[in-house]
Amino acid sequence: MNVVKSILTLVLLSLSLGLSAEENSADLTPAFISDDLFIYMHAGAGNNYRILGTINAGTEVQLTGKSQNDYSQIIDNKGKQTWVESKYVSTKPGLRNVIAELNTKMASTSETTSLLEQELSNNNEQVTSLRNQNTKLQNDLAALNIELIATKAKLKDQDTNIKKEYFYNGAIVLGFGLILGLILPRLGSRKKTSMESWT
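Numbering (my numbering) for the sequence shown: 88 to 286.
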């Protein structure tokens, strides 16, 4: 008979817990279990109530808003409604959650850093390539400047040679002109004297 009463009591208790959980679902507040390894969950608000199990640190739970005897009623991550000591429940994430979030951010930052380093390496390669091209272009420009100077010197020499040639040709023409100017009058006077002698 006592066994039947116990079973009926447990069934009624679980039904009442289920009903009250449904009634209070609108009033639930997210919370977290503090950073002890685990804490015990009780069937009621006190150590004298039966232990229903344990819950790990950092687990997210829902607060129903009920509390008494320094205990708070929660709904755990499996949907079970139980009581835990209020000092172990916080509305802020525990250290484990913060560390997990920081690790995620660090992984993301490491990936971003890796991508930035790869981009920086590519940019450095491009800068090196552009510097090499610039050096080659400067060397080509220097070679072209030397070639231009040499070409200008050749043109100047050719100009000087042409002027010399003009000068020599002019001197030759002048010399021939002088010679002809001196010889022709004499030839003309000889012809006159010879013609006079014939007459």
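Glycine is no exception: its CB is placed at the ideal position from the N, C-alpha and C atoms. This one's a predicted model, so the numbers in the text were calculated from it and none came from an experiment.
Length of the line joining the Cα atoms of residue i and residue j
i: Gly166; j: Leu150; result: 12 angstroms
i: Leu202; j: Asn219; result: 26 angstroms
i: Gly268; j: Tyr253; result: 22 angstroms
i: Ala258; j: Asn248; result: 15 angstroms
i: Phe263; j: Glu234; result: 43 angstroms
i: Gly271; j: Asp244; result: Checking the displayed sequence, the identity of residue 271 turns out to be Leu instead of Gly. Rounded to whole angstroms, Leu271 to Asp244 spans 39 angstroms at the Cα level.
i: Leu231; j: Thr215; result: 24 angstroms
i: Leu242; j: Ile236; result: 10 angstroms
i: Ile266; j: Asn256; result: 15 angstroms
i: Gln213; j: Ser197; result: 24 angstroms
i: Gln205; j: Leu228; result: 34 angstroms
i: Val260; j: Thr238; result: 32 angstroms
i: Asn211; j: Thr200; result: 16 angstroms
Proximity of residue i and residue j at Cβ, strictly below 9 angstroms
i: Val176; j: Ala132; result: no
i: Thr146; j: Asp157; result: no
i: Thr169; j: His129; result: yes
i: Gly152; j: Leu115; result: yes
i: Val148; j: Ile138; result: no
Which listed residue (the options) has its alpha carbon closest to that of residue i
i: Tyr127; options: Ser159, Ile233, Gln220, Ala258; result: Ser159
i: Asn135; options: Asp114, Thr146, Ala144, Glu172; result: Glu172
i: Phe125; options: Asn143, Ala187, Lys251; result: Asn143
Residues bridged to residue i [DSSP beta-bridge criterion]
i: Asn295; result: Since the first and last residues shown for the chain are 88 and 286, residue 295 lies out of range.
i: Met128; result: Gly140
i: Thr215; result: DSSP, once it has assigned bridges, lists no residue as partnering Thr215.
8 angstroms Cβ shell around residue i - same chain, five flanking residues per side excluded
i: Leu207; result: none
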